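A.B. asks:
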Amino acid sequence: MIRKNIYVLLALVFFVSTVIFGVYQKVENNKYEAFISHEIKNGILKFANGVTINKSIISDALENNEISREQIEELELYFGNIIESGFTVIDLSTTWMNKIDASQYNSSPYPVHMVLDFNNYITRLKREEFVEKDTYLLTEIDTTKLKIMKNIFTSWENILAQNIIGIEKNKKKDSGITVTDKFPKIYGDDLINKKDWINLIDDIQTKSQSFEEEIKLNF
1 MIRKNIYVLL ALVFFVSTVI FGVYQKVENN KYEAFISHEI KNGILKFANG VTINKSIISD
61 ALENNEISRE QIEELELYFG NIIESGFTVI DLSTTWMNKI DASQYNSSPY PVHMVLDFNN
121 YITRLKREEF VEKDTYLLTE IDTTKLKIMK NIFTSWENIL AQNIIGIEKN KKKDSGITVT
181 DKFPKIYGDD LINKKDWINL IDDIQTKSQS FEEEIKLNF
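Okay, structure coming up:
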């Protein structure tokens, strides 16, 4: 009888331990998913912010047919943000989450390598044209490059608004996108389990291909 009670007690201890371990694992998994979701959200917001701000700067430069040192430096800053956030979100989707086949991206996703080309052009312009002046009149070649950049950013704004709830196109034509309070409400700590951010990556990668030839010819 005593031996039977011991077996029952051991079985009970094992069961309770298993339940506790299962609960602990679930809590840890939830924390992990919340952390990754936070990183994805920050990456998307940083990417969207960089795209819409730089598009606005480029639009102003095209309208005035000139660009200032201050605008150049601001473009460099936000190009850096776009590159960093682009790598982060792609890396999370491929290396860590296995949501996307990494071979599709050849370690060089379109948002990243295109913006690297843009940034190299802007940095070169700053180095060559802003040694002794603070404003530079755009040439026909510069105008062509900036128009390509603007068109690509407009495309990315549309893709962001189509795929991510809470990122919306502004009603005024050519005035960018806005992040609303729907974004945190909808995604919370669970963005990692939504398809929206994966669809966003796929769409940007696929739809940016149409600009590839222009990039090769002009940058």
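Numbering follows the UniProt record's numbering, in which position 120 of the sequence shown is assigned residue number 120; successive positions increment by one, without gaps.
The beta-carbon is built from N, C-alpha and C at its ideal position, and this holds for glycine as well.
Here the structure is a predicted model, which is why all the values come from computation and not from measurement.
1) So, are the CB atoms of L62 and T178 less than 8 angstroms apart?
2) Suppose the cutoff is 8 angstroms on Cβ atoms and the five residues either side in sequence are ignored; what does the same chain contact list for L138 look like?
3) Extract the residue ranges of the beta strand (DSSP E) inside the segment 57–141, only unbroken runs of 3 or more that lie entirely within it.
4) With the cut-off set at 8 angstroms, would you say Y187 and K195 are in Cβ contact?
5) Does the Cβ-Cβ distance between L200 and I159 come in under 8 angstroms?
6) Comparing C-alpha positions only, which one of F35, F183, I82 sits nearest to D117?
7) Any idea which residues DSSP pairs T178 with across the strands?
8) When you compare only the Cα positions, how much space is there between T206 and S155?
9) For the alpha helix (DSSP H) holding K216, just list the boundary residues, first then last.
10) Rounded to whole angstroms, what is the Cα-Cα separation between V51 and F130?
11) Tell me which residue opens and which closes the alpha helix (DSSP H) that L200 is part of.
12) Could you tell me how far apart the beta carbons of V88 and E39 are, in whole angstroms, since I believe they sit closer than 8 angstroms?
13) Ordered along the chain, which non-local residues of its own chain (more than five positions away) have a Cβ less than 7 angstroms from that of N42?
14) In this structure, does DSSP put G50 in helix, strand or coil?
15) Tell me which same chain residues have a C-beta within less than 6 angstroms of the C-beta of F183, skipping the five on either side of it?
16) Would you report the Cα separation of I57 and Q71, rounded to the nearest angstrom?
17) Which residues in the same chain have their Cβ closer than 8 angstroms to the Cβ of K162, if we skip the five residues on either side of it in sequence?
18) Look at A48 and D189 and say whether their C-beta atoms are less than 8 angstroms apart.
19) Whole angstroms are fine: how far does the CA of E128 sit from the CA of I192?
C.D. replies: Looking at the atomic coordinates:
1) Position 62 of the sequence shown, counted from the start, is the residue given in the question as residue 62. Position 178 of the sequence shown, counted from the start, is the residue given in the question as residue 178. Taking 8 angstroms as the Cβ cut-off, L62 and T178 do not qualify as a contacting pair.
2) The residue labelled residue 138 in the question sits at position 138 within the sequence shown. So the qualifying residues of the chain are A61, L62, N65, E66, I67, L146.
3) 66–68, 135–137
4) In the sequence shown, the residue the question calls residue 187 occupies position 187. In the sequence shown, the residue the question calls residue 195 occupies position 195. It is not a contact, given that the beta carbons lie outside the stated cut-off.
5) Indexing the sequence shown from 1 puts residue 200 at position 200. Indexing the sequence shown from 1 puts residue 159 at position 159. Contact: yes.
6) Locating residue 117 in the sequence shown gives position 117, where the first residue counts as 1. Ranking F35, F183, I82 by Cα distance to D117 puts I82 first.
7) Numbered from its first residue, the sequence shown carries residue 178 at position 178. According to DSSP, T178 bridges with E168.
8) Walking along the sequence shown from the start, residue 206 turns up at place 206. Walking along the sequence shown from the start, residue 155 turns up at place 155. One C-alpha to the other measures close to 11 angstroms.
9) To locate residue 216, count along the sequence shown from 1; it is residue 216. Segment 212–218, the alpha helix (DSSP H) holding K216.
10) One-based indexing of the sequence shown puts residue 51 at position 51. One-based indexing of the sequence shown puts residue 130 at position 130. Distance between the alpha carbons of V51 and F130: 24 angstroms.
11) Within the sequence shown, numbered from 1, the residue matching residue 200 stands at position 200. First-last of the alpha helix (DSSP H) with L200: 196–207.
12) Residue 88 sits at position 88 when you count from the first residue of the sequence shown. Residue 39 sits at position 39 when you count from the first residue of the sequence shown. In the sequence under discussion, the amino acid at residue 88 is Thr, which differs from the Val named in the question. With a Cβ gap of about 7 angstroms, T88 and E39 count as contacting.
13) Translated into the one-based positions of the sequence shown, residue 42 becomes position 42. Nothing meets the Cβ criterion.
14) Your numbering for residue 50 matches position 50 in the sequence shown. In the structure shown, G50 sits in a helix (DSSP, three-state: H, G or I).
15) For the purposes of this step, residue 183 is identified with residue 183 of the sequence shown, where counting begins at 1. Answer for F183: G166, listed in chain order.
16) Along the sequence shown, read from residue 1 onward, the residue named residue 57 stands at position 57. Along the sequence shown, read from residue 1 onward, the residue named residue 71 stands at position 71. Answer to the nearest angstrom: the Cα atoms are 7 angstroms apart.
17) Residue mapping note: residue 162 aligns to position 162 of the sequence shown, counting from 1. Note that residue 162 corresponds to Gln in the displayed sequence, not to Lys. Excluding residues within five positions, the ones whose Cβ falls inside 8 angstroms are D203.
18) Within the sequence shown, numbered from 1, the residue matching residue 48 stands at position 48. Within the sequence shown, numbered from 1, the residue matching residue 189 stands at position 189. No, these two residues do not count as a Cβ contact at 8 angstroms.
19) By 1-based counting over the sequence shown, the position of residue 192 is 192. By 1-based counting over the sequence shown, the position of residue 128 is 128. Cα to Cα, I192 sits roughly 44 angstroms from E128.
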